[in-house]
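What follows is a set of notes on a single structure, which appears directly below.
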Amino acid sequence: MLIDNYNKVRNIIDETCKRVGRDPNEVTLIAVSKTKPLSDIEELAKEGITEFGENYPQELAEKYNNISMPVHFHQIGHLQTNKVKYIIEKVNLIHSVDSMHLAQAIDKEAAKRGIIADVLTEVNYAGEESKFGVNPDDAESLIRDISSLHNIRVRGLMTIAPFVENAEENRAVFRGMKELLLDIKSKNIHNVFMDFLSMGMTNDYIVAVEEGATHVRVGTAIFGARDYSNK
Ligand SMILES: *Cc1c(COP(=O)(O)O)cnc(C)c1O
Numbered sequence: 014m015l016i017d018n019y020n021k022v023r024n025i026i027d028e029t030c031k032r033v034g035r036d037p038n039e040v041t042l043i044a045v046s047k048t049k050p051l052s053d054i055e056e057l058a059k060e061g062i063t064e065f066g067e068n069y070p071q072e073l074a075e076k077y078n079n080i081s082m083p084v085h086f087h088q089i090g091h092l093q094t095n096k097v098k099y100i101i102e103k104v105n106l107i108h109s110v111d112s113m114h115l116a117q118a119i120d121k122e123a124a125k126r127g128i129i130a131d132v133l134t135e136v137n138y139a140g141e142e143s144k145f146g147v148n149p150d151d152a153e154s155l156i157r158d159i160s161s162l163h164n165i166r167v168r169g170l171m172t173i174a175p176f177v178e179n180a181e182e183n184r185a186v187f188r189g190m191k192e193l194l195l196d197i198k199s200k201n202i203h204n205v206f207m208d209f210l211s212m213g214m215t216n217d218y219i220v221a222v223e224e225g226a227t228h229v230r231v232g233t234a235i236f237g238a239r240d241y242s243n244k
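Numbering (our numbering), first residue to last: 14 to 244.
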């Protein structure tokens with residue numbers, strides 16, 4: 014049963030929080046349901062689970078339109094400007110804003126609908142070629158630029174840490190992300206709220222929680238391995 018997997022992860026998060034003196038309520042577990050059928054989401058939603066993460070805008074929109082229960086979707090994967098319109102009203106949080114061009118597109122679509130879009134700035138902390146996200150040194154200036162837009166609100170930072178054998182290898186990344194969050198928060202930039210830190214996946218979410226994650230994005234440990242053969 015998926016709920017058993019979910020509860021196992023949730024319990025580990027709660028125990029980790031207690032061990033390091035954090036309040037477990039500070040950590041949102043996002044069940045990453047990309048490539049998985051709607052029935053998997055509904056199975057968890059029936060048990061009261063509300064937070065789900067999707068990577069592909071079309072898949073997110075389709076699931077949103079067909080789900081029979083109210084849940085919250087998070088856009089966690091890379092977002093192209095021309096796809097913003099498909100998901101803007103269907104997501105609670107966009108985790109992957111890494112350019113002013115994308116922020117402007119989100120702002121424009123949000124303004125059309127009279128809403129304010131909550132977003133995170135994605136940081137490519139380790140500077141990996143294969144990953145999206147801004148260089149840590151450029152995060153503040155991007156956030157300052159975004160802060161001038163009226164229908165988009167930066168709530169914090171997100172990172173996808175490198176794939177490593179041992180989660181400990183990512184501790185410095187997570188710690189650096191927390192420092193970056195606090196540093197930008199200390200600048201008190203108008204319209205910027207550095208209260209969310211989205212980091213940690215199946216292989217490294219415990220270390221991420223130890224280092225201050227407020228949102229962990231866990232797929233495989235809840236839904237099992239993904240099949241990309243028809244993607
Ligand atoms: C797929 C994905 C996840 C979940 O990864 P798992 O290793 O299956 O937990 C988390 N975040 C992002 C951005 C993803 O694309």
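All C-beta atoms in this analysis are idealised placements derived from N, C-alpha and C, irrespective of residue type, glycine included.
Item	Value
One or two residues paired with Arg166 in a DSSP bridge	Asp131
Chain C contact for His87 (CB, 7 Å cutoff)	The structure shown contains no chain C; it is built from a single protein chain.
Contact check, His108 vs Met171, beta carbons under 7 Å	yes
Length at least 4, wholly inside the segment 27-115: the alpha helix (DSSP H) runs in chain order	51-58, 70-79, 97-100
Beta-carbon contacts of Leu92 that lie in its chain and below 6 Å, excluding the five residues immediately before and after	Ser109
Cα-Cα separation, Asp196 to Gly189	10 Å
Cβ-based burial, Asp111 [other Cβ within 10 Å; buried from 16]	buried
Alpha-carbon spacing of Gln117 relative to Tyr77, whole angstroms	24 Å
Among Leu193, His228, Ile159, Asp53, nearest to His203 - alpha-carbon criterion	Ile159
Nearest-angstrom Cβ-Cβ length linking Val231 and Met214, presumed shorter than 8 Å	6 Å
Selection from Ala234, Arg239, Glu224, Ala238 that minimises the alpha carbon distance to Thr29	Glu224
Closest residue to Leu133 among Asn105, Lys125, Glu122, Arg126 (Cα-Cα distance)	Asn105
Contact set for Glu141: own chain, Cβ-Cβ below 8 Å, skip 5 residues either direction	Pro175
Host alpha helix (DSSP H) of Met190 (start-end)	184-198
Proximity test, Asn148 beta-carbon vs ligand 1 heavy atom, cut-off 6 Å	no
Sequence-distant residues of the same chain with beta carbon closer than 7 Å to Thr63, five excluded per side	Val84, His85
7 Å Cβ cutoff met for Asn18 and Ile235	yes
CB of Val97 within 7 Å of CB of Ile119, strictly	yes
Residue burial classification, Val33 (beta-carbon count within 10 angstroms, cutoff 16)	exposed
Presumed contact (8 Å Cβ cut-off) between Tyr99 and Ala74, rounded CB distance	5 Å
Where Ile208 sits in the DSSP three-state scheme	The sequence given here places Asp at residue 208; Ile does not occur at that position. Asp208: strand per DSSP, three-state reduction.
Separation of Leu194 from Ile26, as counted between CA atoms	21 Å
DSSP state of Arg239 mapped onto helix, strand, coil	coil
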